Amino acid sequence: MTIGGKPVTTAETFEVINPATGGVAGLCPSGGEAEVNAAVAAAKAAYASWSRTPDEVRRQACSDIARVLGENAEELAVLLTSEQGKPLGGLGSRFELGGCGAWAGNTAALDLPVEVVKDDNEGRIEVHRKPLGVVASITPWNWPLMIAIWHIAPAIRVGNTVVIKPSPYTPLSTLRMVELLNTVLPEGVLNVVTGPDSIGPVLTGHPDVAKVTFTGSTETGRKVMSSAAETLKRLTLELGGNDAGIVLPDADPARIAQGIFWGAFINNGQTCAALKRLYVHDSIYDDVCSELAKFAQSVPVGDGMAEGSQLGPVQNAMQYAKVVELVEDAKAQGARVLLGGEAPAGDGYFYPITLIADVTDGMRIVDEEQFGPALPIIRYDDIEDVLARANASSMGLGGSVWSSDLQKARDVALRLESGSAWINAHGGLNPNAPFGGVKQSGIGTEFGVEGLKEFTCIQTLHC
Ligand code: NAD
Numbered sequence: 224m225t226i227g228g229k230p231v232t233t234a235e236t237f238e239v240i241n242p243a244t245g246g247v248a249g250l251c252p253s254g255g256e257a258e259v260n261a262a263v264a265a266a267k268a269a270y271a272s273w274s275r276t277p278d279e280v281r282r283q284a285c286s287d288i289a290r291v292l293g294e295n296a297e298e299l300a301v302l303l304t305s306e307q308g309k310p311l312g313g314l315g316s317r318f319e320l321g322g323c324g325a326w327a328g329n330t331a332a333l334d335l336p337v338e339v340v341k342d343d344n345e346g347r348i349e350v351h352r353k354p355l356g357v358v359a360s361i362t363p364w365n366w367p368l369m370i371a372i373w374h375i376a377p378a379i380r381v382g383n384t385v386v387i388k389p390s391p392y393t394p395l396s397t398l399r400m401v402e403l404l405n406t407v408l409p410e411g412v413l414n415v416v417t418g419p420d421s422i423g424p425v426l427t428g429h430p431d432v433a434k435v436t437f438t439g440s441t442e443t444g445r446k447v448m449s450s451a452a453e454t455l456k457r458l459t460l461e462l463g464g465n466d467a468g469i470v471l472p473d474a475d476p477a478r479i480a481q482g483i484f485w486g487a488f489i490n491n492g493q494t495c496a497a498l499k500r501l502y503v504h505d506s507i508y509d510d511v512c513s514e515l516a517k518f519a520q521s522v523p524v525g526d527g528m529a530e531g532s533q534l535g536p537v538q539n540a541m542q543y544a545k546v547v548e549l550v551e552d553a554k555a556q557g558a559r560v561l562l563g564g565e566a567p568a569g570d571g572y573f574y575p576i577t578l579i580a581d582v583t584d585g586m587r588i589v590d591e592e593q594f595g596p597a598l599p600i601i602r603y604d605d606i607e608d609v610l611a612r613a614n615a616s617s618m619g620l621g622g623s624v625w626s627s628d629l630q631k632a633r634d635v636a637l638r639l640e641s642g643s644a645w646i647n648a649h650g651g652l653n654p655n656a657p658f659g660g661v662k663q664s665g666i667g668t669e670f671g672v673e674g675l676k677e678f679t680c681i682q683t684l685h686c
């Protein structure tokens with residue numbers, strides 16, 4: 224771990240599993256309350272000066288972070304693949320590292336100027352954006368480095384200091400990344416602690432933590448929210464999703480198949496804003512199914528370390544079991560498997576790309592977040608009915624509409640109850656486009672100036 228700029232380890236370690244082989248990818252320090260307290264204390268001490276550092280210095284720090292990530296991208300990508308499973312190529316680890324650099328660089332370019340709301344002969348009123356203090360960052364195992372940078376860069380850009388706790392499934396790449404970033408940051412500005420899930424609440428409930436930025440499941444998000452109540456911590460929660468895609472009758476099945484596929488299967492479906500339920504108009508249902516199956520069959524799945532792989536294994540045994548359970552449940556209820564659907568024998572958590580037709584709302588694979596390589600395809604014939612079904616979820620992260628008529632697609636997209644909506648695409652992000660969930664998909668916004676504001680409080684100066 225890195226605490227106060229110094230390497231720290233523990234006598235006890237835990238094994239991190241390589242999901243492609245089931246073997247051990249590495250041993251990780253198993254921190255506890257003492258390490259969390261030390262990290263928060265180091266971040267608190269660093270905050271005294273970092274919060275008063277000129278803006279240009281913090282802007283430079285974010286540029287330096289982008290540079291260090293670029294210089295060490297290949298090492299980090301290999302480490303990430305070894306513990307997360309995603310392929311090095313395609314939309315895998317190198318792509319993730321590219322995103323880290325892009326987001327850090329963009330954060331360097333952002334501005335939060337003092338706003339003047341009144342300036343006349345009665346007086347002047349200025350709105351200043353000030354840092355909050357120590358930020359606790361809790362990250363999941365699906366995009367561990369990119370999400371870490373989404374938390375770290377804006378937090379430190381505006382003068383906070385950070386303690387990050389990665390998922391115990393994928394801690395190694397974050398440990399190394401934080402070590403590297405400490406070469407360009409003052410000690411204590413960025414600290415990392417690793418350990419079992421049980422250290423999460425120690426960090427999120429810590430009295431010296433001013434804000435928690437959490438990305439993970441809705442269930443854990445609720446616990447984080449209650450642990451923040453005691454000291455009224457600020458919160459950003461980016462939680463689960465069950466994104467619907469709606470294919471309108473005028474869409475061209477052959478043209479949309481590839482976009483739908485990657486919208487659903489990027490990172491093996493283990494993406495918060497992946498397409499998780501596909502609603503297709505009855506008139507083109509069979510064509511969309513066959514075009515999707517045709518494209519899916521061309522995608523190579525294998526060990527992420529092999530250069531040709533486009534998708535790797537599911538990340539962990541728990542998630543693998545969930546995917547198997549939901550697919551088996553759908554099969555038992557009469558769903559038609561178009562592709563995949565059988566867990567293969569052999570090492571690692573490999574599950575085939577799975578397309579399931581003739582499913583309905585009410586089946587678990589439609590109603591629950593599968594977070595894996597299995598897409599349910601649901602038939603509809605009435606637009607009002609399908610919108611009601613898409614919006615019936617308690618989640619509201621993303622959604623998409625697929626059509627040859629842009630105006631029609633816009634009208635439908637704007638009626639989706641989701642924080643983001645895409646037309647003829649799903650899940651693409653931009654560092655200046657606000658991203659966040661509505662309903663139980665989260666609270667708050669990431670990216671761009673709106674995201675930066677989440678790491679500040681307002682001080683209104685009447686002069
Ligand atoms: P998770 O909630 O199990 O774990 C997330 C993190 O929380 C881990 O670091 C874990 O150690 C920690 N944690 C566990 N218990 C805790 C507690 N009581 N207090 C504080 N921290 C605790 O989620 P996961 O399985 O790692 O990730 C999958 C979920 O994350 C999916 O639901 C997915 O949709 C969601 N996700 C959302 C986004 C988004 O931006 N909305 C992005 C990625 C993943």
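My numbering puts the first residue of the sequence shown at 224, with every later residue one more than the last. The C-beta atom is built at its ideal place from N, Cα and C for all residues, glycine as well. This one's a predicted model, so the numbers in the text were calculated from it and none came from an experiment.
- Distance between Glu349 and Cys512, taken at the CA atoms: about 57 Å.
- In chain order, Leu549, Val550, Asp552, Ala553, Ala558, Ile579, Val582, Ala597 and Pro599 place their CB closer than 8 Å to the CB of Ile588, counting only its own chain and leaving out the 5 sequence neighbours on each side.
- Bounds of the alpha helix (DSSP H) holding Asn614 are Ile606 to Asn614.
- Within the same chain, and ignoring the five residues on either side of Pro472 in sequence, the residues whose Cβ sits closer than 7 Å to its Cβ are His504, Ser506 and Ile507.
- Under the 8 Å Cβ criterion, the region 636-645 counts as touching the region 612-626, having at least three qualifying pairs.
- The shortest CA-to-CA distance from Ser360 to any of Asn383, Lys388, Leu333 and Lys353 is the one to Lys388.
- The closest heavy atom of the ligand NAD lies 7 Å or more from the beta carbon of Trp326.
- For Pro424, there is no enclosing beta strand (DSSP E); the residue is found in the alpha helix (DSSP H) stretching over Ile422 to Thr427.
- Contact check for Val340 against Thr679 fails: the beta carbons are separated by 8 Å or more.
- For a cut-off of 8 Å, the C-beta gap from Asn465 to Ala265 is around 39 Å, too long to register as a contact.
- Judged by pairs of C-beta atoms under 8 Å, the region 515-527 does not touch the region 656-673, as fewer than three such pairs exist.
- In terms of CA proximity to Gln556, Met586 leads the group Glu673, Ala257 and Met586.
- As summarised for the region 228-289, the continuous alpha helix (DSSP H) elements at least 4 residues long and confined to that stretch are 256-273, given in chain order.
- Of all alpha-carbon atoms in Gly255, Gly245 and Pro242, the one lying nearest the alpha-carbon of Thr232 is that of Gly255.
- Minimum Cα-Cα distance from Ile601 among the listed residues Asp584, Ile288 and Pro277 corresponds to Asp584.
- Short note on Asn491: C-beta not closer than 7 Å to any heavy atom of the ligand NAD.
- Sequence-distant partners of Leu292 (beyond 5 residues in either direction) whose C-beta falls short of 7 Å from its own C-beta, in its chain, are Leu320, Cys323, Gly324 and Ala327.
- Annotation for Ile361 indicates a beta carbon within 7 Å of some heavy atom of the ligand NAD.
- Unbroken alpha helix (DSSP H) runs of no fewer than 4 residues, entirely contained in the region 345-411, are found at 367-380 and 395-404, following chain order.
- A contact between stretches requires three or more CB pairs, one per stretch, nearer than 8 Å, and the region 452-462 meets this requirement with the region 428-436.
- Gly531 sits away from Leu311, with the two beta carbons spaced by 8 Å or more.
- With fewer than 16 neighbouring CB atoms inside 10 Å of its own CB, His685 falls in the exposed class.
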